[in-house]
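The next block holds one structure in the form of C-alpha cells; read it before the comments.
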Amino acid sequence: MRPVRSRSSPRPGSVAGTNETRTQPADITSAAIASFEGCSDARLQELAQTLVRHLHAFAVEVGLTQEEWEAGVGILTATGQITDERRQEFILWSDSLGLSMLVDALANPLPAGATESTVLGPFYVPGAPERAYGENMAEEPAGTPAWVYGRVLDLDGHGIAAAELDVWQNGDDRLYAVQSPEAPEEHLRGRFRTRGDGSYAFLAVRPVPYTIPDDGPVGAMLDATGRHPWRPAHIHMIVRAPGHRTVVTHIFDAASGYLDSDAVFAVKPSLPREFVPRAADDPERPDGVEGAWCSVENDLVLAPGEDARLVVDPGRTA
Ligand code: BEZ
Ligand code: FE
223 MRPVRSRSSP RPGSVAGTNE TRTQPADITS AAIASFEGCS DARLQELAQT LVRHLHAFAV
283 EVGLTQEEWE AGVGILTATG QITDERRQEF ILWSDSLGLS MLVDALANPL PAGATESTVL
343 GPFYVPGAPE RAYGENMAEE PAGTPAWVYG RVLDLDGHGI AAAELDVWQN GDDRLYAVQS
403 PEAPEEHLRG RFRTRGDGSY AFLAVRPVPY TIPDDGPVGA MLDATGRHPW RPAHIHMIVR
463 APGHRTVVTH IFDAASGYLD SDAVFAVKPS LPREFVPRAA DDPERPDGVE GAWCSVENDL
523 VLAPGEDARL VVDPGRTA
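Here it is, written out as C-alpha cells:
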C-alpha cells in the first residue's frame with residue numbers, strides 16, 4: 223500500500239500557490255499499519271501492527287539517521303551470521319536486553335509462595351544423567367564441593383515425592399561442560415529425584431561468576447555501551463512434578479559479585495542463598511569429599527497446575 227497523502231493545510235516545504243501536499247512521517251506509519259488490515263489471523267495482525275507502531279515510534283523518538291539504520295542492519299546481519307546450531311545470538315540479544323525475563327514474567331505468572339522462575343540460558347542440554355540421592359555431579363575436580371539440599375514442596379508445605387530436579391552448572395574454570403571439549407559430557411549435570419518426603423540432595427561445586435558469550439554482536443554492544451558481560455554465580459535447575467507447574471530457576475550464591483548487575487537481569491531477590499563454608503573435619507562431610515567444602519539449603523515450592531512449560535533444548539549450546 224502506498225503512503226496516504228495528507229490533505230490538510232499547506233505545510234512548510236509545500237509549493238506556494240499550488241495544492242501540493244507532502245507525505246509526512248506519520249502518513250508512512252499509517253500506511254504500514256494499514257497494510258495488515260487484510261490479515262485473517264487476528265493475533266498475527268495485532269502483533270504485526272503493534273510492532274510497526276512501536277518500531278516507527280522508536281525511529282521518530284530518536285530521530286534515527288540513515289547511518290544508524292545501516293548500523294542496525296549490520297548488527298542484525300552479524301547476529302544471523304554468528305548464529306548456528308550451537309550458538310543462538312538472537313536469544314542472547316533477548317537475554318541481554320531483558321526481554322527474556324520480561325516474556326517469562328508475562329507468560330508464566332506464578333502465585334505468591336511459589337519458587338520464582340528465571341532464564342533458561344544457552345547451556346541447558348536435555349538428557350542429563352539420572353543420578354542417585356546425594357550423588358556427585360562433578361566428573362572431575364571443578365571447585366569447592368557444595369552439598370546442595372532441601373525439599374520440593376507444594377504451596378501448602380507438603381513434600382512432593384518423585385519430583386525431578388534437572389541441574390546444570392559451571393565449574394571453577396567458568397565453563398559449562400558443553401563449552402569445554404575436554405570435559406566429560408555428563409560433567410556438572412544431573413537429574414535427581416526427590417524422596418518420599420520431598421527431600422533431595424546432591425553434591426555440586428560452588429559456582430563462580432562467568433561472562434555470557436561476548437565475542438559477537440552482543441559483546442560488542444555491551445562494550446560500546448559500557449556494560450559488563452558478567453553473571454553472578456549460580457546453579458541452574460528445572461524442577462518438574464506431575465500436577466505441578468514446571469519451574470526454571472537458579473540458586474544464586476548470596477555472596478557473589480554481580481548480583482546487582484547481572485548481564486541478563488535474571489536475579490530476583492527471592493533466589494540468592496547462603497553457601498555455608500564447612501571445615502574438612504565437619505562430621506557432616508559428605509562421602510568422597512576431602513578438604514574444605516560448603517553447603518547450601520534450598521527449598522523449592524511448586525505451584526499446582528498442568529505443566530505449562532515444555533522446556534526443550536532451544537539449540538543454544540554456545
Ligand atoms: C546462563 O546462565 O547460563 C546464561 C543465561 C543467559 C545468557 C547467557 C548465559
Ligand atoms: Fe548459567
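In terms of our numbering, the sequence shown is residues 223 to 540. Here a beta-carbon is modelled for each residue, glycine too, at the ideal position from N, C-alpha and C. As the structure is a computational prediction, the values presented were derived from the model and not from experiment.
Between which two residues does the beta strand (DSSP E) harbouring Gly372 extend?
Counted as a single uninterrupted DSSP element, the beta strand (DSSP E) harbouring Gly372 occupies residues 367-376.
Per-residue DSSP class, three states only, for Phe487
Reduced to three states, the DSSP call for Phe487 is coil.
Using CA atoms only, rank isn't needed, just tell me which of Asp388, Pro435, Trp369 is closest to Leu397.
Comparing Cα-Cα distances from Leu397 to each of Asp388, Pro435, Trp369, the minimum goes to Pro435.
Is Leu387 helix, strand or coil when you go by DSSP?
Three-state result, Leu387: strand.
Considering only the beta carbon of each residue, do Cys516 and Trp390 sit closer than 9 Å?
No.
Indicate, with yes or no, if ligand 1 has a heavy atom lying under 8 Å from the CB of Pro439.
For Pro439, the shortest separation between its Cβ and any heavy atom of ligand 1 does not lie below 8 Å.
Close beta carbons around Ser478, own chain, < 7 Å, minus the five adjacent residues each side
Answer for Ser478: Pro431, Pro454, Ala455, listed in chain order.
Taking 8 Å as the cut-off, is the CB of Gln401 close to at least one heavy atom of ligand 2?
Gln401 Cβ: outside cutoff for every heavy atom of ligand 2.
Contact defined as beta carbons within less than 8 Å: I believe Thr416 pairs with Val374. What is the distance between those atoms, to the nearest angstrom?
With a Cβ gap of about 5 Å, Thr416 and Val374 count as contacting.
Does the Cβ of His276 lie closer than 8 Å to at least one heavy atom of ligand 2?
No, ligand 2 has no heavy atom inside 8 Å of this Cβ.
Is it the case that the stretch 341-353 contacts the stretch 405-424, given that we only count it when at least three CB pairs across the two stretches are under 8 Å?
Under the 8 Å Cβ criterion, the stretch 405-424 counts as touching the stretch 341-353, having at least three qualifying pairs.
Would the beta-carbon of Arg396 be found less than 8 Å away from any heavy atom of ligand 2?
No, ligand 2 has no heavy atom inside 8 Å of this Cβ.
Does the separation of the CB atoms of Ala383 and Arg462 fall below 9 Å?
No, they are not a contact pair.
Can you find a heavy atom of ligand 2 that lies under 8 Å from the Cβ of Arg428?
Relative to ligand 2, even the nearest heavy atom lies 8 Å or more away from the CB of Arg428.
Looking at ligand 1, does it come within less than 8 Å of Phe345, judged from the CB to the closest heavy atom?
Answer for Phe345: yes, Cβ within range of ligand 1.
Closest to Ser402 by CA distance: which of Ala364, Phe424, Asp419 is it?
Scanning Ala364, Phe424, Asp419 for the CA closest to the CA of Ser402 turns up Ala364.
Can you tell me the Cα-Cα spacing of Pro526 and Gly285, whole angstroms?
One C-alpha to the other measures close to 48 Å.
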